[in-house]
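Notes follow once the structure below has been shown.
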Amino acid sequence: QADTAMYRAKESGRNGISFYRPSMQETADRRLTLEKEIRQALKQRQFLLHYQAQVDHLGKVVSAEALIRWQHPEKGMVSPAEFIPIAEDTQLILPIGEWVMREACRQIKVWDAQNLPIHHVAVNVSSRQFRQADFVDQVKRILVDAELPAERLVIELTEGCVISDIDDTVEKMRDLQTLGVKTSIDDFGIGYSSLSYLKKLPISQLKIDQSFVRDIASDPNDAVIVETIINMAKNLGLHVIAEGVETQEQLIFLRNKGCLSYQGYYTGRPVSAARFELEDRLLPTA
Ligand code: C2E
Ligand code: MG
Ligand code: MG
Ligand code: MG
């Protein structure tokens, strides 16, 4: 989307319209502008978190994933798919990532005060943030500052992040485990990596990537992959959650195969904290 937006229509004689790739200069300019805007967004508090319900097999909302949103003064809501990669390239992901974690912890306290039964909130952590030498200390500090028990926070990491420096990952995950913070492997299954890391690491949860869930009912290959992930997770003693669940059919398939946690448009879109509080606590599971 970011890319197609940069393709500009251009008259080209008798053939009418053609497209050209933005020059490297244009791309660089655009990134620089975005970088400046992200810096400003941090100062001017233009970021906010939306929350998407994570539902158990009874339809109960048990937890939520925090998803960052950028309320840009002119452009409106900017997708994280557009600005997170730039933030990752520029170190800006570090203050953003810290803000996300602090804000999610603050929100849990607010929900506790309202007696909203949310066990934990999962936050996405970028590779660059996770690789910081003081990452675990930062998590610890944020939990202490928020006066929150560690089990209320879950950290989502992608497979790519986890395997990019397995020794460092082992050390950090052990420290997180000691602290009591659980980890979940986001977008699981699309990493094309050896699975041997799964037995080396104290991971709590696998999150089945939405690309497998999408065609689960029509594509036998996807169905087999999903079933295999579910069984593997079970045998390894890991919790498994499916993301991108959009239909009743998908949910029933997953449940029949033994996956008992779901996240997706079918059980709830990502919404503001205020909306999340108002949503029904019991959602359809069939
Ligand atoms: P993700 O962590 O895999 O999050 C799931 C994405 O799928 C979210 O997109 C969510 O809105 C979307 N989604 C949820 N249910 C459905 C569904 O049923 N169907 C479909 N088609 N999509 C669904 P979103 O919010 O645009 O975020 C995109 C990605 O941006 C996230 O993927 C994550 O990698 C990244 N991201 C979001 N928030 C943060 C953050 O706070 N920090 C970092 N580092 N990355 C973030
Ligand atoms: Mg995620
Ligand atoms: Mg995901
Ligand atoms: Mg993703």
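As numbered in the numbering used here, the sequence shown has no gaps in its residue numbers, which increase by one up to the final residue, 352. C-beta: ideal position from N, C-alpha, C; glycine also.
- Distances from the CA of Met143 to each of Ala216, Leu124, Ile174 and Ala107 were compared; the closest alpha carbon is that of Ala107.
- Look at which beta carbons fall closer than 6 Å to any heavy atom of ligand 2; those residues are Glu131, Asn190, Glu222 and Asp252.
- Residue side-chain check: Ser192 places its Cβ nearer than 7 Å to a non-hydrogen atom of ligand 1.
- Counting only runs of 4+ residues, the alpha helix (DSSP H) found wholly inside the stretch 223-302 occupies 225-230, 232-245, 263-266, 276-280 and 286-301, in chain order.
- Secondary structure of Arg341 (DSSP, three-state): helix.
- Between the alpha carbons of Ile295 and Leu317 lies a distance of about 15 Å.
- Closest by C-alpha distance to Lys323, out of Glu343, Val290 and Arg341, is Val290.
- Sorting Leu264, Arg240, Ser260 and Asp200 by C-alpha distance to the C-alpha of Ile251 places Leu264 at the top.
- Here Phe254 is not near Glu222, since their CB atoms are 8 Å or more apart.
- Under the three-state reduction of DSSP, Lys141 is assigned to coil, being neither helix nor strand.
- Residue state for Arg335 is assigned as coil, using DSSP reduced to three classes.
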